[in-house]
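Protein chains in written order, with this note's numbering: chain A, 1 to 248; chain B, 1001 to 1050; chain C, 2001 to 2096. What follows is a set of notes on a single structure, which appears directly below.
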């Protein structure tokens, strides 16, 4: 008998408190607060001694800080410095929530497609408004790359506009779908291995160790994806902000 | 997908945005200036030494 | 919104005590007293050892200041127990 009825049950959200409409305390909100706690631990608690050169945990945070700073500065130049706290917080939130979801029995925040897609749509909407306020009607010049011949212009503007609108969904969908598929794949493979090993035939039980190698490979891939998806989200957001501020 | 039930959408959005907002405020007021002061102190000491 | 939270750069950079003209010999020699006073009033010797009193200070001195990897193990165990207890309460209890 399988313990789980379907592999999708790991993404269920459960209520702790029944009546408070949208303020209720669910597993999602619990894990959001745990991510905030981990963020506080890594960023404030390890810096308490006040030393200039401190422990390895400080080095981890300084490495992430300098990675983010170099990324923001190289993409957006000096005007982009005011977006650095946003990028840093987004990256830290996604990194820690992805890494926490890799521990067994834990809940993946970024696998909830609704959350990631709404986040990317909000960011895209904000960028469009920023560009429109700053450049007014010249913002639509973003859709017209320089050096195109005149007959191609209507088609090109249509295609550019559609790709711009698709950015809003693709940014969040990429993150959510990667996390969802990774966790789902791991659950399915582990269920397969469990079925093999618990069977009554000896040969099939020995064969059950072959999925173990695949699981090892996919777990290491998932750890890499956890960091990479967070980074890719932030790099693409920086690139879109650069498009809105500088208009190519 | 049965786990993307609409019942929890508003809850997810509210708590997710709230926590990200708290992280942005915390980082820009406390965390990032602290790390920056460490970098600046190191640079100041290096320049002062020469 | 991010423009409201910027701090002035003067509060981050350490104070400027010495300038090249005050430290050199010759015309600008008069301001050495400020430099001397600053360095005389700094605390000397090793930093005083912190006697840990609260749980967080004790934990910091025992594990984090010594660069051990036990905090990561504690982290994983904490999340394993919370995740398993949530899973048990909502899912595994109603299994059979």
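We put the CB at the ideal spot given by N, CA and C, even for glycine.
Exclusion of the five residues before and after residue 80(A) leaves 72 as the residues of its chain whose Cβ lies within less than 6 Å of its Cβ. The continuous alpha helix (DSSP H) containing residue 205(A) extends over residues 202 to 207. Spatial neighbours of residue 244(A) in its own chain (CB-CB distance under 6 Å, excluding positions within 5 residues in sequence) are listed in chain order as 127, 130 and 131. Under the Cβ distance rule, residue 2083(C) counts among the residues neighbouring chain A, one pair being separated by less than 8 Å. Shown here is that no member of the region 219 to 236 of chain A has a Cβ falling below 9 Å from a Cβ of chain B.
At a C-beta separation below 7 Å, residue 2036(C) has no neighbours in chain A, since its nearest C-beta there lies roughly 25 Å away. Chain B has a Cβ within less than 8 Å of the Cβ of residue 32(A). If the five residues before and after residue 200(A) are omitted, its C-beta is found closer than 8 Å to no C-beta atom of its own chain.
Note: residue 15(A) is bridge-paired with 26(A) in the DSSP secondary-structure output.
Taking 8 Å as the threshold, the shortest C-beta distance from residue 2042(C) to chain A does not fall below it. Minimum Cα-Cα distance from residue 2076(C) among the listed residues 38(A), 51(A) and 30(A) corresponds to 38(A). Taking every protein chain shown into account, the CB of residue 2074(C) has fewer than 16 other CB atoms within 10 angstroms, so this residue is exposed. Nearest CB-CB separation between residue 7(A) and chain C: not below the 8 Å threshold.
Put simply, the backbone Cα of residue 134(A) is about 52 Å away from that of residue 2036(C). The alpha-carbon separation between residue 2061(C) and residue 171(A) amounts to approximately 42 Å. A Cβ of chain A is located within less than 8 Å of the beta carbon of residue 1010(B). Taking 8 Å as the CB threshold, residue 118(A) lines the interface with chain B.
A direct Cα-Cα distance of roughly 13 Å separates residue 1030(B) from residue 41(A). DSSP, read as helix, strand or coil, puts residue 105(A) in coil.
Counting C-beta pairs closer than 8 Å gives fewer than three between the region 202 to 212 of chain A and the region 83 to 102 of chain A, which falls short of the contact rule.
Between the alpha carbons of residue 224(A) and residue 182(A) lies a gap of roughly 11 Å.
At least one beta carbon of chain C lies nearer than 8 Å to the beta carbon of residue 48(A).
Close partners of residue 1030(B) in chain A (Cβ separation under 9 Å): 43 and 44.
By alpha-carbon distance to residue 2066(C), the top candidate from 219(A), 54(A) and 74(A) is 54(A).
A distance of 8 Å or more separates the beta carbons of residue 237(A) and residue 117(A). Secondary structure within the region 164 to 195 of chain A: not one fully enclosed alpha helix (DSSP H) run of 4 or more consecutive residues is present. For residue 2087(C), the closest of 96(A), 27(A) and 176(A) by C-alpha to C-alpha distance is 27(A). Residues of the region 51 to 63 of chain A with a C-beta less than 7 Å from any C-beta of chain C: 55, 56 and 57, listed in chain order. In the DSSP assignment, residue 2066(C) falls outside any alpha helix (DSSP H), carrying neither H nor E. Cβ contact annotation for residue 197(A) (same chain, cutoff 6 Å, sequence separation greater than five): 205 and 208, in chain order. Against residue 14(A), the close residues of chain C are 2086 and 2090, in the order they occur along the chain (beta-carbon pairs closer than 8 Å). In terms of Cα proximity to residue 146(A), the closest of 168(A), 125(A) and 247(A) is 247(A). In this structure, residue 109(A) lies away from residue 231(A), with their beta-carbon atoms at least 8 Å apart.
Between the beta-carbon of residue 46(A) and that of residue 2064(C) there is about 6 Å, and that keeps the pair under the 8 Å contact cut. Only residues of its own chain outside the window of five on either side were considered, and among them 2063 have a CB closer than 6 Å to the CB of residue 2070(C), listed in chain order. When secondary structure is reduced to three states using DSSP, residue 144(A) falls in the coil class, being assigned neither helix nor strand.
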